[in-house]
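Enquirer: What follows is a structure written as structure tokens; I'll ask about it next.
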Amino acid sequence: MSAPPPEGFAVDLEFTEFEAFQDALQDWKLDFRQLERGTPSIRVILAGFENVQLGFVAINRRCEHHSASPREMRTFTLLAEWTTDANLFADRMDDRSLLCFPRNDEIVGVSGSDLRMFTITVPESVLIKRAEALGYPQASGILDDKGIHLRVEGALLDRLRDCLQMQSANALNAPTILLGPHSNPNQVLDLLIIALASHCPSEILARPHVRDLALKRALDYVASNASRSPIKVSELSACSGVSERTLERVFLEHCGISPKNYLLALQLNGVRRGLFAADPAISTVADIASRSGFWHMSQFAKDYRKLFGELPSTTLKRPQGSVRDV
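Set out below in structure tokens:
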């Protein structure tokens, strides 16, 4: 979904497939990989008016996610409720976290089994102009090409969170109020700018810890070698500069999953995408699975069903564009 039209809109979407979720929000270039077994339940609320687009996302399965803002836009995110089970930039998010997506680049994160977060997306030019009008030119000064994780005073971020919750509810329950001529589309934007301007410079994300750097190196290695045969845990250990035992602790701490199971989940997600895209009249599960490095079909089918709740043959036979019934 692209930038909001002038008259505004409000939608409430629910999905049981990450693939359908990604197709519905293509402008964000979403790439989600399921890391936890079971059928996901995904809810997305979007409300747009004038130049601001608000979002609420709830996902009940652990996943790795790659996403980017639409072009010429900046996206900010904060947790809807405090949790220690989400991280971005290899850093834990909490109730004081405010994150800005990179400019024209993706952000990578791992979320837990109960992610609930708000997003604010606005053209960068509008953000800068509004910040200057409010007398906070320094708010836009912290925005560069890289993503940034800010620590914001709790009460201030609570005000922003409450406003987002109210605006999202109003968009669905009373859209004529939120999207009508008497709406105040700058309310959220103003609170966002104040939050950006109020952070202490020393509270920009600190230099990463050695273990955080190890995780980043490992994830970067996986991303750059995604197209080749299965990656071994020993490779991740070598590229990250820590022992396999330390690497396992890092993955369990940040991702809630061991490196071995993480790599297996990514392989299985790759096969799943291939099955969704394939024509069952000319493709077989074995052909698609073998291209991702699976050779023992019985074990592969068992692992696939354990993660996604269905056999790979069921995924292959499903009509393209369809989703599983709940």
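For what it's worth, UniProt numbering labels the leading residue of the sequence shown as 1, then goes sequentially.
Where is the CB? At the ideal position from N, CA and C, for every residue including glycine.
Keep in mind the model is a prediction, meaning the values are calculated, not measured.
#1: Using only the alpha-carbon positions, how far apart do Glu132 and Asn186 sit?
#2: At the level of alpha carbons, what is the spacing between Ser258 and Glu248?
#3: Using only CA atoms, which one of His296, Lys29 and Gln34 lies nearest to Phe308?
#4: So, helix, strand or coil for Phe76, using DSSP?
#5: How close, in whole Å, do the beta carbons of Gly112 and Arg62 come, if the pair is a contact with beta carbons under 8 angstroms?
#6: Considering only the alpha carbon of each residue, which of His254, Val188 and Gly147 lies closest to Ala214?
#7: What separation, rounded to the nearest whole angstrom, lies between the Cα atoms of Met93 and Gln167?
#8: What are the boundary residues of the alpha helix (DSSP H) that Thr119 is part of?
#9: Bridge partners for Ala133 per DSSP, in chain order?
#10: Between which two residues does the beta strand (DSSP E) carrying Asp12 extend?
#11: Does the distance from the C-beta atom of Leu134 to that of Asp190 stay below 8 angstroms?
#12: With three or more C-beta pairs closer than 8 angstroms as the rule, is the region 56–72 touching the region 37–44?
#13: Just the Cα atoms here: how many angstroms apart are Ala278 and Leu164?
#14: Can you find a heavy atom of the ligand FMN that lies under 7 angstroms from the Cβ of Lys317?
#15: Compute the beta-carbon to beta-carbon distance between Glu124 and Glu50, rounded to the nearest angstrom, for a pair I have assumed lies under 8 angstroms.
#16: Taking C-beta to C-beta, are His66 and Asp31 nearer than 8 angstroms?
#17: In whole angstroms, what is the alpha-carbon distance linking Lys232 and Trp28?
#18: Name the two residues that bound the continuous alpha helix (DSSP H) containing Ala68.
#19: So, is Pro312 buried or exposed, given that buried needs 16 or more other C-beta atoms within 10 angstroms?
#20: Let me make sure I understand the geometry here. Which of Leu268, Val250, Ser198 and Arg116 has the alpha-carbon closest to that of Lys216?
#21: Would you decide whether Arg272 is buried or exposed? Buried here means 16 or more other CB atoms lie within 10 Å of its CB.
#22: Using the C-alpha atoms, what's the distance from Thr284 back to Pro70?
#23: Could you please give the first and the last residue of the uninterrupted alpha helix (DSSP H) stretch that includes Val152?
#24: Measuring straight from C-alpha to C-alpha, what distance separates Ile194 and Asn170?
#25: Between which two residues does the beta strand (DSSP E) containing Leu311 stretch?
#26: Between which two residues does the beta strand (DSSP E) holding Leu54 run?
#27: Where does the unbroken beta strand (DSSP E) through Val285 begin, and where does it stop?
Expert: To lay it out plainly:
#1: 14 angstroms
#2: 6 angstroms
#3: It is Gln34 whose Cα lies nearest to the Cα of Phe308.
#4: strand
#5: 6 angstroms
#6: His254
#7: Using only the alpha carbons, I get a separation of about 23 angstroms.
#8: From DSSP, Thr119 is part of no alpha helix (DSSP H) but of the beta strand (DSSP E) over Leu115 to Pro123.
#9: Its beta-bridge partners do not exist; DSSP assigns none.
#10: Residues Phe9 to Phe15.
#11: Going by C-beta atoms, Leu134 is nearer than 8 angstroms to Asp190.
#12: The region 37–44, when compared against the region 56–72, does touch it at the 8 angstroms Cβ threshold.
#13: 40 angstroms
#14: Here there are no bound small molecules, and the ligand FMN is not part of this structure.
#15: Not really, about 15 angstroms apart at Cβ, beyond 8 angstroms.
#16: It is a contact, given that the beta carbons lie within the stated cut-off.
#17: 31 angstroms
#18: Looking at the DSSP string, Ala68 is not in any alpha helix (DSSP H); the run it does join, the beta strand (DSSP E), is Cys63 to Ala68.
#19: So Pro312 counts as buried.
#20: Val250
#21: By the 10 Å Cβ count, Arg272 comes out buried.
#22: Spanning the two alpha carbons is a distance of roughly 36 angstroms.
#23: Val152 -> no alpha helix (DSSP H), and no H or E assigned at all.
#24: 23 angstroms
#25: Premise fails: Leu311 is in no beta strand (DSSP E) and is neither H nor E.
#26: Val52 to Ile59
#27: Here Val285 belongs to no beta strand (DSSP E); instead the alpha helix (DSSP H) covers Val285 to Arg291.
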